[in-house]
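In our numbering, the protein residues as written are 129 to 202. Every residue, glycine too, gets a C-beta built ideally from N, C-alpha and C. Please read all numbers here as calculations on a predicted model, not as lab measurements. Below is one structure, written out as structure tokens; comments come after it.
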Amino acid sequence: MTLRGETVIYTVFISDRRNFNIIDSIMTKEGIPFEIHSLVVNDRVDEEYRLELMKKYKRIVDPHDILNPGKLRV
Numbered sequence: 129m130t131l132r133g134e135t136v137i138y139t140v141f142i143s144d145r146r147n148f149n150i151i152d153s154i155m156t157k158e159g160i161p162f163e164i165h166s167l168v169v170n171d172r173v174d175e176e177y178r179l180e181l182m183k184k185y186k187r188i189v190d191p192h193d194i195l196n197p198g199k200l201r202v
């Protein structure tokens with residue numbers, strides 16, 4: 129697909145979370161721009177404070193989990 133005139137390749141990997149680092153290192157080694165995401169945001173947030181803020185605002189803005197359902201464990 130193209131985004132703002134640039135070719136973008138969207139790839140989906142289905143894998144256990146323990147394989148994220150391996151997949152990430154291979155893509156980086158091959159020079160492929162890559163941002164790995166999990167099915168659940170909680171698995172990828174490095175800072176506990178940021179995760180707590182996300183949970184706080186998810187409860188306020190989307191208490192019925194309508195927006196991106198299941199993406200954030202509250």
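Nearest-angstrom Cα separation, counted from residue j out to residue i
i, j, result
"Lys184", "Glu134", "36 angstroms"
"Arg187", "Leu195", "11 angstroms"
"Glu180", "Val173", "10 angstroms"
"Ile151", "Asp190", "32 angstroms"
"Phe162", "Met155", "7 angstroms"
"Val202", "Ile160", "33 angstroms"
Local Cβ density within 10 Å of residue i, reported as buried at 16 or more and exposed below that
i, result
"Leu200", "buried"
Entirely enclosed alpha helix (DSSP H) segments - the stretch 170-202, minimum 4 residues: 176-189
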